[in-house]
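Q:
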Amino acid sequence: MSVLPAIFLLSLLGVAAGDKYLYMEGQVYCDTCRIGFTTRVSEWIAGAKVEIECHDPETKELKLNAAGVTNSTGWYRIPVAGDHEDENCLIKLVESPRKDCDSPNRGADSSRVLITYNVGISSNNRLINPLGFSIKDPLPDGTPISSQFQRQETQRLLSEPAPGISASPSEENMRYFNVMILGPTQSPYEGGVFKLELFLPEEYPMAAPKVRFLTKIYHPNIDKLGRICLDILKDKWSPALQIRTVLLSIQALLSAPNPDDPLSDNIAKHWKSNETEAVATAKEWTRLYASGA
């Protein structure tokens, strides 16, 4: 999808000249049904202001501030210099030019973003989930929705697959997806092909998908049953999120295991006490169980 230029307001703190840029891209919409996510009757907002902030996780010091304004099709594209992997970064709505649609949509008013080159993706573009404002007077029929929303997502997953990710619905049950994720480069899982299953409950998108690994994997945030410790699959889920976002987040988790928030205590202890040895074990498991999966 081509993206038209947006107007950018930049205020970058502590960024050296000549640094390589990452480009945060996304759209801002008006939720005309007030249901918490985009539909075929959502309207893209031109002239909406968004802002990225990154803070030091310990001192809370502001490390980066960058802002952008959406173009005529609701797209923004914000260049960010430097790598901010070790910072807490958030993109959020600032202002809508539409007086009839200027209340930030709860759950779709901001999004955590990982601003780093270390995710195994060659492209410098980072796609952010749509951010939305709620309209004051919703359309009379606010139900163009769940099954159609799922069909739209499925079509996009098949026609625009994310790099290193494959997801296709089962012929017997369209709510069940067969997923494969390639191990990210420069990670202990590089060269592996990992199988997962994803199921959409009847309450979806108001409830999060159910996802687990079928391929054995040595990872502090994934237990022996394949269950995954990921906030957006639990309390941080929002109807504005999508299957694509979930799978990209899992892919990013493979690039950056977090032993401080474990699901497998034994692996987390191994990771923290002897990371070199734990990484070697993860590579060996990848060779044994994920090669040619």
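So the sequence shown is numbered by my numbering: it starts at 8 and just counts up by one.
For every residue, glycine included, the Cβ atom is placed at its ideal position computed from N, Cα and C.
Model, not experiment: these values are computed from the prediction.
1. Apply the 10 Å Cβ neighbour rule to S280 and answer buried if 16 or more other Cβ atoms are within range, or exposed otherwise.
2. Would you kindly work out how many angstroms separate the C-alpha atoms of V7 and E178, rounded to a whole number?
3. Taking only the alpha-carbon atoms, compute the straight-line gap between N3 and I172 and give it to the nearest angstrom.
4. Less than 8 Å between C-beta atoms, sequence neighbours within five positions excluded: which residues of the same chain meet that for H91?
5. Can you check which of these residues, A215, I135 and S110, is closest to M31 by C-alpha distance?
6. Buried or exposed: which applies to T39, given that a residue is buried once 16 or more other Cβ atoms fall within 10 Å of its Cβ?
7. At a cut of 8 Å, does the region 254–266 reach the region 224–234 through at least three beta carbon pairs?
8. Where in the region 22–53 do unbroken runs of the beta strand (DSSP E), each at least 3 residues long, occur, reported from the N-terminal end onward?
9. Looking at C-alpha atoms only, which residue of S49, Q34 and V35 is the closest neighbour of R41?
10. Going by Cα to Cα distance, which pick from L270, P246 and G233 is closest to E210?
11. Short check: CB of T161 to CB of P176, under 7 Å?
12. Just to confirm before moving on: does the CB-CB distance between L203 and P216 stay below 7 Å?
13. Measuring alpha carbon to alpha carbon, tell me which of I250, D63, F184 and P104 ends up nearest L97.
14. Taking contact to mean 3 or more Cβ pairs, one atom from each stretch, closer than 8 Å, check whether the region 287–295 and the region 244–259 are in contact.
15. Assign S141 to one of two classes, buried (16 or more other C-beta atoms within 10 Å of its C-beta) or exposed (fewer than that).
16. For the beta strand (DSSP E) containing R113, name the first residue and the last one.
17. Nearest by alpha-carbon distance to R105: which of V126, K143 and R119 is it?
18. For T45, which residues of its own chain have a beta-carbon under 8 Å away from its beta-carbon, when the five flanking residues on both sides are left out?
19. Looking at the structure shown, is K143 part of a helix, part of a strand, or coil, going by DSSP?
20. Hey, which unbroken runs of the alpha helix (DSSP H) at 4 residues or more fall wholly within the region 62–131?
21. When the Cα atoms are used, what is the spatial distance from I250 to D238?
22. Is it right to say Y28 is buried, meaning 16 or more other beta carbons lie within 10 angstroms of its own, or is it exposed?
23. Of the residues L255, H277, R234 and P212, which one's Cα is nearest the Cα of G114?
A: Based on what the coordinates show:
1. Looking at its Cβ environment, which holds fewer than 16 other Cβ atoms inside 10 Å, S280 is exposed.
2. Beyond the ends of the chain as shown, which are 8 and 300, falls residue 7; an answer cannot be given.
3. With the chain running from 8 to 300 in the structure shown, residue 3 is simply not present.
4. C61, K70, L71, I122 and T123
5. I135
6. buried
7. yes
8. Runs found: 28–38.
9. With distances taken between Cα atoms, R41 lies closest to S49.
10. Closest in C-alpha terms to E210, from the list L270, P246 and G233, comes P246.
11. yes
12. no
13. D63
14. Counting C-beta pairs with one atom in each stretch, the region 287–295 and the region 244–259 have fewer than three that are closer than 8 Å, which means they do not touch.
15. buried
16. No beta strand (DSSP E) holds R113; DSSP gives it neither H nor E.
17. K143
18. Y36, D38, P137, G139 and A247
19. coil
20. none
21. Using only the alpha carbons, I get a separation of about 14 Å.
22. Classification of Y28: exposed, given that the 10 Å Cβ count is below 16.
23. P212
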